[in-house]
Every structure is written in C-alpha cells, then in structure tokens.
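**Student:**
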Amino acid sequence: MKNQYRYFIKLMLTFTLLAGASLLKAQSHELMKTQVQDPPIPVEAFFSNNNLYYQTNVKKALSPSSRVSFFSLATYTADYKNEISRNRMLIEAQISYTIKKGFGVMMGTDINSVTGYSAIFGPQHTFASSKLLAVTIASFFLNTKRDFKLFGLYEYKPSIGNGWSLYNRVQFIYNYSMKEGIHNRSYLYLRSGLKKKALVFGLGANLDQFGPRKTFEDNYGVFLRWEFK
Numbered sequence: 002m003k004n005q006y007r008y009f010i011k012l013m014l015t016f017t018l019l020a021g022a023s024l025l026k027a028q029s030h031e032l033m034k035t036q037v038q039d040p041p042i043p044v045e046a047f048f049s050n051n052n053l054y055y056q057t058n059v060k061k062a063l064s065p066s067s068r069v070s071f072f073s074l075a076t077y078t079a080d081y082k083n084e085i086s087r088n089r090m091l092i093e094a095q096i097s098y099t100i101k102k103g104f105g106v107m108m109g110t111d112i113n114s115v116t117g118y119s120a121i122f123g124p125q126h127t128f129a130s131s132k133l134l135a136v137t138i139a140s141f142f143l144n145t146k147r148d149f150k151l152f153g154l155y156e157y158k159p160s161i162g163n164g165w166s167l168y169n170r171v172q173f174i175y176n177y178s179m180k181e182g183i184h185n186r187s188y189l190y191l192r193s194g195l196k197k198k199a200l201v202f203g204l205g206a207n208l209d210q211f212g213p214r215k216t217f218e219d220n221y222g223v224f225l226r227w228e229f230k
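With my numbering applied, the sequence shown has no gaps in its numbers, which climb one by one up to 230 at the end.
#1: Classify residue 101 as buried or exposed, calling it buried when 16 or more other Cβ atoms lie within 10 Å of its own Cβ.
#2: Pull up the CB-CB distance for residue 92 and residue 75, whole angstroms please, since I reckon it's below 8 Å.
#3: Mind checking whether residue 152 and residue 174 have CB atoms under 8 Å apart?
#4: May I have the straight-line CA-CA distance separating residue 164 from residue 149, to the nearest angstrom?
#5: Please check the pair residue 205 and residue 47, which I expect to be a contact at CB under 8 Å, by giving their CB distance rounded to whole angstroms.
#6: Using alpha carbons as the reference points, say which of 196, 183, 199, 229 lies closest to residue 215.
#7: Taking buried to mean at least 16 other C-beta atoms within 10 Å of its own C-beta, is residue 24 buried or exposed?
#8: Suppose contacts are defined by Cβ-Cβ distances below 8 Å. Is residue 107 in contact with residue 125 by that definition?
#9: For residue 192, name the three-state secondary structure that DSSP assigns.
#10: Pick helix, strand or coil for residue 87, following the three-state DSSP scheme.
#11: Which stretch, first to last residue, makes up the beta strand (DSSP E) that contains residue 62?
#12: DSSP state of residue 181, grouped into three classes?
#13: If distances are taken between C-alpha atoms only, which option among 136, 78, 161 comes closest to residue 99?
#14: Between 222, 117, 177, which has its C-alpha nearest residue 139's C-alpha?
#15: Between 85, 168, 146, which has its C-alpha nearest residue 155's C-alpha?
#16: Taking C-alpha atoms, which residue in 45, 55, 60 lies nearest to residue 133?
#17: Pull up the distance between the alpha-carbon of residue 195 and that of residue 89, whole angstroms please.
#18: Among 227, 121, 113, which one has its Cα closest to the Cα of residue 187?
#19: Taking DSSP's pairing of strands, which residues face residue 96 in a bridge?
#20: Check whether the Cβ atoms of residue 69 and residue 229 lie closer than 8 Å to each other.
#21: DSSP three-state label for residue 143, please.
#22: Measuring CB to CB, does residue 54 end up less than 8 Å from residue 207?
What follows is the structure, given as structure tokens:
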C-alpha cells in the first residue's frame with residue numbers, strides 16, 4: 002500500500018509539473034489577448050476496466066467584463082456490477098469574485114459520497130481560452146471535521162493542423178480532515194487524446210485513494226467527450 006501511495010504521489014507531482022510548465026508557456030501567449038473567453042461545457046464518459054465515469058464542468062462569467070463567475074463540477078462513478086457501495090458522486094457549485102489576473106475568492110457548496118454535504122469557501126485561480134483551461138481551488142469546509150480540499154483541473158489543446166488538436170488533461174483532488182488529521186479522499190485523473198471541433202476522444206487513467214488507510218484503486222480505459230458551446 003505504501004508503494005502504491007508513493008507511486009500515486011509521484012505520478013501526481015510529475016504530471017502536475019509537466020502541465021504547469023506547458024500552462025505557463027501557453028499562458029504567456031494567451032494573456033496578450035484582451036478578450037476573455039468562457040470555455041465550452043464538456044460532457045465526458047470514461048469507459049474503464051471496472052466502471053463507468055461521467056463528468057461535466059461549467060465555468061461562466063456573468064458577462065465578458067464581469068468579475069463574478071460561476072463554476073460547477075459534477076461527476077459520478079458507476080460500477081459495472083452495480084454494487085451500490087462502489088458507486089460514487091461529487092457535485093460542486095461555486096460563485097467566485099475575481100480580484101486580479103484570474104486570482105479571486107469563492108463560496109459555494111460541496112456534496113460527495115465520502116464526506117457528505119458542506120458549505121465551502123476559499124481562494125482560487127482560473128484562466129480560460131480556446132487552447133487552455135486552468136482551474137485551481139482551495140476549499141475550506143464549514144463542517145464538523147473542518148475538511149480542506151485542494152482541486153486542480155488543467156487542460157491544454159494545441160493545434161496540430163487540419164482542424165485537429167491534441168487534448169491533454171490533468172485533474173486532481175486531495176481532501177483532508179484538519180480536525181482529525183486524516184486523509185478522506187484523493188485522486189489523479191489523466192486524459193490524453195485528439196480533438197476535432199466539439200469531439201474529443203482518447204485514453205485515460207483514474208487513480209483513486211479512499212479513507213484514512215488510503216485504499217488505492219486504479220482504472221484504465223478510453224474516454225469520449227463532447228464540448229457544448
């Protein structure tokens with residue numbers, strides 16, 4: 002178990018650093034554009050060796066010049082054998098206020114099948130363009146366990162010609178109980194594939210850990226995604 006955990010952490014750090022380097026390089030070009038773009042609304046299904054994973058996320062400003070925006074993430078994992086204890090869900094809904102250059106504060110709600118429901122607040126950073134989406138959120142939970150969660154979602158979609166683009170995503174969560182000093186939930190989700198207009202497809206991996214014992218579960222497969230404008 003310790004070896005699996007070390008492997009999980011190494012993977013998370015490696016892909017986060019690689020994504021960060023790509024994001025910084027891409028962002029230096031994208032920041033020169035004055036028009037702020039909302040990302041499309043993606044709907045994704047990931048067909049792995051053990052379960053079906055579904056995800057959609059929304060990030061929209063109230064207007065192109067508004068500092069107030071809405072972010073939501075909804076996911077569920079459905080076991081192929083329909084073992085109820087292995088089915089999982091997560092829904093986040095947040096209203097944020099941008100202070101400067103994508104940095105801001107948010108408040109909202111979080112409900113999931115591990116820690117339950119809670120109001121949340123915390124700092125965040127977001128950046129969105131046609132090639133790049135970067136969302137980093139630190140959430141403080143107003144529940145009895147005083148949970149803390151770090152969430153990151155980073156997409157990079159460079160063009161490769163003839164209307165095609167590469168699609169790469171690194172997504173992670175680390176949820177920790179500050180009151181009890183224990184691990185609640187963490188994951189590292191990886192996607193790599195091709196994009197043609199609104200259609201995205203490719204290979205993926207979902208690496209999960211659960212509870213204080215950090216029970217490890219890995220799933221590998223293919224994903225299919227459609228981006229609604």
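Glycine residues also receive a C-beta, built at the ideal position from the N, C-alpha and C atoms.
All values derive from a computational prediction rather than experimental measurement.
**Tutor:** Working from what's here:
#1: exposed
#2: Between residue 75 and residue 92 the Cβ distance is about 5 Å, and since that is below 8 Å, they are a contact.
#3: Yes. Within cutoff.
#4: 41 Å
#5: 5 Å
#6: 183
#7: For residue 24, the pLDDT reaches just 47, beneath the cut-off of 50, and the residue's location in the model is therefore unreliable, although a value from the coordinates is still provided. The residue is buried, with at least 16 neighbouring Cβ atoms inside 10 Å.
#8: yes
#9: Of the three classes helix, strand and coil, the one that applies to residue 192 here is strand, per DSSP.
#10: Here residue 87 carries a helix assignment [DSSP, helix/strand/coil].
#11: 52 to 62
#12: coil
#13: 136
#14: Nearest to residue 139 by alpha-carbon distance, out of 222, 117, 177, is 177.
#15: 168
#16: Considering only 45, 55, 60, the residue with the shortest C-alpha distance to residue 133 is 60.
#17: Answer to the nearest angstrom: the Cα atoms are 28 Å apart.
#18: 113
#19: 71, 108
#20: no
#21: In the structure shown, residue 143 falls within a coil segment according to DSSP collapsed to helix, strand and coil.
#22: yes
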